[in-house]
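Residues 0 to 197 in numbering that gives the first Met the number 0 are what the sequence shown spells out, letter by letter. For each residue, glycine too, the CB sits at the ideal point set by N, CA and C. As the structure is a prediction and not an experimental result, all values here were calculated from the model. These notes are about the structure you will find just below.
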Amino acid sequence: MKLLISGLAGVVVACIIFTAVIVSPWSGLITSPTSSSSDSGFPQLPPGWPSGPLGVQVSISNLTDPLGVGSEGEMTIVVASKHDVSDVTAQFELLRVVDELPIGIVYTQGNLANITWMGDLRANVSVIFNAKMKAVEVGYARIRVTAIWYPFEGFHYEATDSIWILIQENSIQISHEPITPPGVIVAESGNGTLPLWP
0 MKLLISGLAG VVVACIIFTA VIVSPWSGLI TSPTSSSSDS GFPQLPPGWP SGPLGVQVSI
60 SNLTDPLGVG SEGEMTIVVA SKHDVSDVTA QFELLRVVDE LPIGIVYTQG NLANITWMGD
120 LRANVSVIFN AKMKAVEVGY ARIRVTAIWY PFEGFHYEAT DSIWILIQEN SIQISHEPIT
180 PPGVIVAESG NGTLPLWP
């Protein structure tokens, strides 16, 4: 009987040791809901940070009369952050919108066409870029500015703003949304069915 009890006690002790060796290394990987690491495994930003700390704003003002080809104006681009961030990249793009129309504008001062700025942003202190532009021909352009910040490898925050500029001989339209040029038919969405052909 003593032999049986000794044998059972040995098995129980062996099971306890086995469980401790197998389970213990994994216990460090189990996190509680209050843990500071995220479920995705990415590092977390400090508490109180917004989901998107960056902001970009593009505006055009002081267009000269008469509006149209020959008009000049001032472009202002504001890049800002709600927190101190380092190594921010701002990309400035001057894009053709439709193949049938040229861009139609040029920068006459402070060329911001297709360049990149890199630098640090302080909390609530804007970095402002200015340029002068001129409408040189009938055309359609998009000015797009994108600010990107990588707080850690494999993850980034991005903010973007665009202005569309449609230049006609005697008018200029400026919008934060795409503009439909004259003579262009915009495709409308249907109910998901194909048209019936005769």
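For this session: Give me the Cα-Cα distance between ILE164 and GLY67, rounded to the nearest whole angstrom.
Result: Position 165 of the sequence shown holds residue 164. Position 68 of the sequence shown holds residue 67. Roughly 11 Å between the two C-alpha positions.
Exercise. For PHE91, does the count of other Cβ atoms within 10 angstroms reach 16, so buried, or fall short, so exposed?
Worked result: Taking the sequence shown and counting its residues from 1, one reaches residue 91 at position 92. Answer is buried; the Cβ neighbour count reaches 16.
Exercise. Can the beta-carbon of ASN129 be found less than 9 Å from the beta-carbon of MET74?
Worked result: Within the sequence shown, the letter at position 130 stands for residue 129. Within the sequence shown, the letter at position 75 stands for residue 74. Yes, the pair counts as a contact, with Cβ atoms nearer than the cut-off.
For this session: Quick one: give me the first and last residue of the beta strand (DSSP E) that HIS175 is part of.
Result: Sequence index remark: in the sequence shown, residue 175 carries index 176 (1-based). In the DSSP assignment, HIS175 falls outside any beta strand (DSSP E), carrying neither H nor E.
Problem set entry | Opposing strand residues paired with SER80 [DSSP bridges] | Position 81 of the sequence shown holds residue 80. DSSP lists LEU53 as the bridge partner or partners of SER80.
Problem set entry | Assigned exposure category for ALA122 - 16 Cβ within 10 Å defines buried | The residue labelled residue 122 in the question sits at position 123 within the sequence shown. Answer is exposed; the Cβ neighbour count stays below 16.
For this session: Quick one: grab the DSSP three-state call for PRO65.
Result: Residue numbering aside, residue 65 sits at position 66 when the sequence shown is read from its first letter. PRO65: coil per DSSP, three-state reduction.
Exercise. Which residues does DSSP pair with SER58 in a beta bridge?
Worked result: Taking the first residue of the sequence shown as position 1, residue 58 is located at position 59. Its beta-bridge partners are THR75.
Exercise. How about MET117 and GLU71: are their beta carbons less than 9 Å apart?
Worked result: The residue you call residue 117 lines up with position 118 of the sequence shown. The residue you call residue 71 lines up with position 72 of the sequence shown. No, these two residues do not count as a Cβ contact at 9 Å.
For this session: Check whether the Cβ atoms of ARG141 and THR159 lie closer than 9 Å to each other.
Result: Here residue 141 refers to the residue found at position 142 of the sequence shown. Here residue 159 refers to the residue found at position 160 of the sequence shown. No, the Cβ-Cβ distance between ARG141 and THR159 is not below 9 Å.
For this session: With a 10 Å radius around its C-beta and 16 neighbouring C-beta atoms as the bar for buried, classify GLY103 as buried or exposed.
Result: Position 104 of the sequence shown, counted from the start, is the residue given in the question as residue 103. Within 10 angstroms of the beta-carbon of GLY103 lie 16 or more other beta-carbons, which makes it buried.
Exercise. On the premise that VAL105 lies in contact with ALA146, defined as a C-beta separation below 8 Å, what is that separation, rounded to the nearest angstrom?
Worked result: The sequence position of residue 146 within the sequence shown is 147, counting from 1. The sequence position of residue 105 within the sequence shown is 106, counting from 1. Beta-carbon to beta-carbon, ALA146 and VAL105 are separated by about 24 Å, too far to satisfy the 8 Å threshold.
For this session: Using beta-carbon positions only, say whether SER85 and PRO52 come within less than 9 Å of one another.
Result: By one-based count along the sequence shown, residue 85 stands at place 86. By one-based count along the sequence shown, residue 52 stands at place 53. For SER85 and PRO52, no; Cβs fall outside 9 Å.
For this session: Use the C-beta contact count for ILE127: other C-beta atoms within 10 angstroms, 16 or more gives buried, fewer gives exposed.
Result: If you number the sequence shown from 1, residue 127 lands on position 128. Counting C-beta atoms within 10 angstroms of its own C-beta, ILE127 has fewer than 16 neighbours from the protein chains shown and is therefore classed as exposed.
For this session: Just confirm the distance between the C-beta atoms of LEU94 and GLY138, as a whole number of angstroms; I'd bet it's less than 8 Å.
Result: Start at 1 with the first residue of the sequence shown, and residue 94 comes out as number 95. Start at 1 with the first residue of the sequence shown, and residue 138 comes out as number 139. About 11 Å separates the two Cβ atoms, so there is no contact after all.
Problem set entry | Buried/exposed call for VAL78, threshold 16 Cβ in 10 Å | Position 79 of the sequence shown, counted from the start, is the residue given in the question as residue 78. Buried, since its Cβ has 16 or more Cβ neighbours within 10 Å.
For this session: Note down the Cα distance separating GLU168 from GLU136, rounded to an integer number of angstroms.
Result: Counted from its first residue, the sequence shown places residue 168 at position 169. Counted from its first residue, the sequence shown places residue 136 at position 137. Cα to Cα, GLU168 sits roughly 8 Å from GLU136.
Exercise. Between which two residues does the beta strand (DSSP E) harbouring ARG121 extend?
Worked result: Position 122 of the sequence shown, counting from 1, holds the residue named residue 121. Per DSSP, ARG121 belongs to no beta strand (DSSP E) and is neither H nor E.
For this session: Would you kindly check if the distance between the Cβ of VAL57 and the Cβ of ALA207 is under 9 Å?
Result: Nothing in the structure corresponds to residue 207, since the chain is present only between 0 and 197.
Exercise. Going along the chain, which residues of its own chain have a beta-carbon closer than 8 Å to the beta-carbon of THR115, five neighbours each way excluded?
Worked result: Against the sequence shown, residue 115 aligns to sequence position 116. Only THR88, ALA89, GLN90, PHE91 meet the Cβ criterion.
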